Amino acid sequence: MQFTKWHGLGNDFVIVNGMEEQIADYQQQAIAVCDRNFGIGADGLVMLLPSDIADFKMRIFNSDGSEADMCGNATRCVARYLYENKLTAKTVITLDTLAGIITPELIFKNGTLATVKVDMGLPRLKRGEIPISGNPEEQVISMPLAIDGETYHITCVSMGNPHCLIFVNDITKVDLALIGPKIETHTLFPKKTNVEFLQIIDRKTIRMRVWERGAGITKACGTGASAALVAAVLNGCTDRQATVKLDGGDLYLEWAANNHIYKSGPAVEVFRGNYLL
Ligand SMILES: N[C@@H](CCC[C@H](N)C(=O)O)C(=O)O
353 MQFTKWHGLG
363 NDFVIVNGME
373 EQIADYQQQA
383 IAVCDRNFGI
393 GADGLVMLLP
403 SDIADFKMRI
413 FNSDGSEADM
423 CGNATRCVAR
433 YLYENKLTAK
443 TVITLDTLAG
453 IITPELIFKN
463 GTLATVKVDM
473 GLPRLKRGEI
483 PISGNPEEQV
493 ISMPLAIDGE
503 TYHITCVSMG
513 NPHCLIFVND
523 ITKVDLALIG
533 PKIETHTLFP
543 KKTNVEFLQI
553 IDRKTIRMRV
563 WERGAGITKA
573 CGTGASAALV
583 AAVLNGCTDR
593 QATVKLDGGD
603 LYLEWAANNH
613 IYKSGPAVEV
623 FRGNYLL
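Residue numbers (this note's numbering): 353 to 629.
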């Protein structure tokens with residue numbers, strides 16, 4: 353199986369052109385290739401497939417084999433992969449995902465790729481859309497949640513996939529590996545959730561660390577950074593444009609007047625190879 357290894361701020365993916373490669377079971381393949389000892393090593397497997405409603409279909413599988421609805425960092429990598437491998441000549445590419453049509457745009461300056469800007473679509477705030485148990489019409493903004501004797505104030509946002517965001521005064525004091533899985537698998541979240549801790553630096557800067565559903569601690573999360581901006585605005589902490597500083601680097605976010613979230617950042621190819629099935 354021919355593959356290419358990419359990352360967006362250290363959130364890394366094995367990208368496979370599913371229009372060329374035949375894979376019997378994507379979930380099993382994701383577990384195998386993502387393994388950092390026995391496989392290629394990645395946070396997720398991205399399959400590129402044909403679509404009737406967009407330029408391409410993107411499917412993303414977490415390292416535990418579960419399929420995710422969307423992946424913000426992967427969309428930037430996929431756009432650059434498609435363009436540089438001449439699978440499209442377009443610089444604005446539509447991707448059919450389980451979260452709807454997502455549109456990355458390659459932005460060049462003086463002939464060199466400067467950034468990839470992604471129209472991440474609309475944030476969804478109702479419990480029923482995220483999903484969170486309880487009244488499906490309600491929003492969850494700074495709701496107290498007690499775990500192991502500690503009370504966290506959670507704000508929940510879907511960017512096609514679920515995010516539970518928690519503001520803290522000092523992010524270095526958060527034991528993400530301990531608390532992340534407890535919130536991910538809490539009974540409030542019927543489809544589990546991604547978990548983000550946020551420290552507000554100023555009205556234009558957020559520091560974020562993430563525990564991802566199905567992948568654990570990762571260096572960055574594009575849907576999570578998008579949800580972080582929404583949560584920060586809803587809690588009155590930042591303006592509608594902010595930099596989200598992740599362990600792997602910075603993403604630039606805007607919650608625009610059309611209510612869409614726009615996210616800009618890098619996409620890097622690391623190596624190509626032939627995986628022996
Ligand atoms: N790293 C991604 C999100 C990947 C999917 C997530 N773990 C889920 O299960 O929802 C991003 O950059 O958005």
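Quick reminder that beta carbons are idealized off the backbone N, C-alpha and C, glycines included. Remember, predicted model here, so these are calculated numbers, not experimental data.
*asked:* Please return the same chain residues whose Cβ sits closer than 8 Å to the Cβ of D395, not counting the five positions on each side in sequence.
replied: N363, D364, F365, C386, N414, S415, E564, A567 and T570.
*asked:* Here's a check: name, in chain order, each residue in its chain whose Cβ is nearer than 6 Å to the Cβ of E606, leaving out the five neighbours to either side.
replied: Correct list, in chain order: Q593 and Y614.
*asked:* Any heavy atom of ligand 1 closer than 8 Å to the beta-carbon of P514?
replied: Checking every heavy atom of ligand 1 against the Cβ of P514, one is found closer than 8 Å.
*Where are the beta strand (DSSP E) runs, 3 residues long or more, that stay fully inside the stretch 527-557, in chain order?*
Runs found: 546-554.
*For the alpha helix (DSSP H) that C429 lies in, which residues bound it at each end?*
Unbroken alpha helix (DSSP H) run through C429: G424 to E436.
_Where E489 falls: helix, strand or coil (DSSP)_ = Correct three-state label for E489: coil.
*On the three-state DSSP scale, how would you describe I499?*
I499 falls in the strand class under three-state DSSP.
*Express the C-alpha separation of L474 and A608 in angstroms, rounding to a whole number.*
Straight-line spacing of the CA atoms in A608 and L474 works out to 10 Å.
*With respect to the alpha helix (DSSP H) encompassing T575, which residues constitute its N-terminal and C-terminal limits?*
DSSP places T575 inside the alpha helix (DSSP H), whose first and last residues are G574 to L586.
_Taking 8 Å as the cut-off, does the stretch 414-428 touch the stretch 614-623 (at least 3 CB pairs, one atom from each stretch)?_
Of all C-beta pairs linking the stretch 614-623 to the stretch 414-428, three or more are shorter than 8 Å, placing the two stretches in contact.
*When every heavy atom of ligand 1 is checked, does at least one fall within less than 8 Å of the C-beta of A567?*
Set against 8 Å, the gap from the CB of A567 to the closest heavy atom of ligand 1 is smaller.
_For Q551 and M371, what's the separation of their Cα atoms in angstroms?_
Each residue's alpha carbon lies about 42 Å from the other.
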